[in-house]
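Residue numbers (my numbering): 3 to 198. Below: one structure, written as structure tokens.
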Amino acid sequence: MKKYKKDFSNKDFADRYIKKHKKLLEKLGYEYAEKLSSIGFEKGKILDSGCGFGGMDIALAKRIPGCEIIGIDLSDTLLDYANSSVSNTTLKNRLKFKKGDVQKIPFEDNTFDVVFSVNMVHWVDDSIAMLNEMKRVLKPNGYLFIKDLRRSWLGIFESEIKSAFSLNEAKKLIRQSELRRGTFSKSILWWNFEGC
Ligand SMILES: C[S@@+](CC[C@H](N)C(=O)[O-])C[C@H]1O[C@@H](n2cnc3c(N)ncnc32)[C@H](O)[C@@H]1O
3 MKKYKKDFSN KDFADRYIKK HKKLLEKLGY EYAEKLSSIG FEKGKILDSG
53 CGFGGMDIAL AKRIPGCEII GIDLSDTLLD YANSSVSNTT LKNRLKFKKG
103 DVQKIPFEDN TFDVVFSVNM VHWVDDSIAM LNEMKRVLKP NGYLFIKDLR
153 RSWLGIFESE IKSAFSLNEA KKLIRQSELR RGTFSKSILW WNFEGC
């Protein structure tokens with residue numbers, strides 16, 4: 003399948019992306035915070051693999067005061083936005099956004115208690131390399147949350163959806179990766195994998 007390409011280093015495109023997705027990612031951050039609280043996660047290290055402008059991470063950090071979050075991404079434009087969003091707040095001590103390739107995550111094995119990937123699997127050149135890297139840096143018994151757009155008839159209205167994976171394709175990708183235990187779910191827009 004042809005990968006969907008957009009230039010996240012382009013300031014105008016990045017600004018439009020932020021404007022369109024800010025509320026959605028904030029809501030997602032609060033939802034994931036609730037989910038983590040419900041499974042007893044109160045403190046530890048979280049990686050957002052492909053953090054974009056950090057919208058989800060800021061919401062998550064506000065709700066889980068014991069966590070430390072590192073977001074990596076390749077777009078300097080989005081990373082600058084993310085870092086400046088927290089630079090004058092107390093969140094800056096436990097929320098860092100750094101340049102890094104999700105296909106070669108710049109951290110040692112077993113570093114993180116929780117690893118997230120949101121709207122990334124269909125964007126990267128080598129999705130399986132990304133999945134394996136997420137598994138590598140996750141501690142044994144850590145939590146992994148993957149969410150990505152799901153290809154469906156809604157692609158008629160939104161071209162990005164057309165280039166995403168179907169749920170069955172996502173299942174095949176996960177089977178080809180080193181990820182093993184986990185559960186899939188889907189909603190009208192997304193497929194999700196939660197596991198380790
Ligand atoms: C659709 S956005 C998703 C970002 C964020 N998770 C969100 O939901 O807003 C895709 C992101 O992938 C980043 N990206 C693409 N390839 C990457 C790679 N190999 N390593 C790190 N980030 C990458 C882009 O810079 C962009 O921020």
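Every residue, glycine too, gets a C-beta built ideally from N, C-alpha and C. Owing to the predicted nature of the structure, the values given are computational and were not obtained by experimental measurement.
- Here Q178 has I130 as same chain residues with Cβ atoms under 6 Å from its own Cβ, once five neighbours each way along the sequence are excluded.
- Residue state for V123 is assigned as coil, using DSSP reduced to three classes.
- Taking a 10 Å sphere around the C-beta of D17, we find fewer than 16 other C-beta atoms and assign the residue as exposed.
- Rounded to the nearest whole angstrom, the C-alpha separation of R153 and S165 is 7 Å.
- V116 carries a strand assignment under DSSP once its states are collapsed to helix, strand and coil.
- Relative to ligand 1, the beta carbon of W125 is positioned inside 8 Å of a heavy atom.
- Runs of alpha helix (DSSP H) with 4 or more residues, each lying fully within the stretch 95-175, are found at 129-139 and 161-164, listed in chain order.
- Within the chosen limit of 8 Å, ligand 1 reaches the beta carbon of N121 through at least one heavy atom.
- Within the same chain, and ignoring the five residues on either side of D128 in sequence, the residues whose Cβ sits closer than 8 Å to its Cβ are Q105.
- In this structure, G54 has its beta carbon less than 8 Å from a heavy atom of ligand 1.
- Less than 9 Å divides the Cβ of K47 from the Cβ of I71.
- With at least 16 other beta carbons inside 10 angstroms of its own, K149 counts as buried.
- Under the three-state reduction of DSSP, I72 is assigned to strand.
- Between F118 and L49, the beta carbon gap of about 7 Å places them in contact (Cβ cut-off 8 Å).
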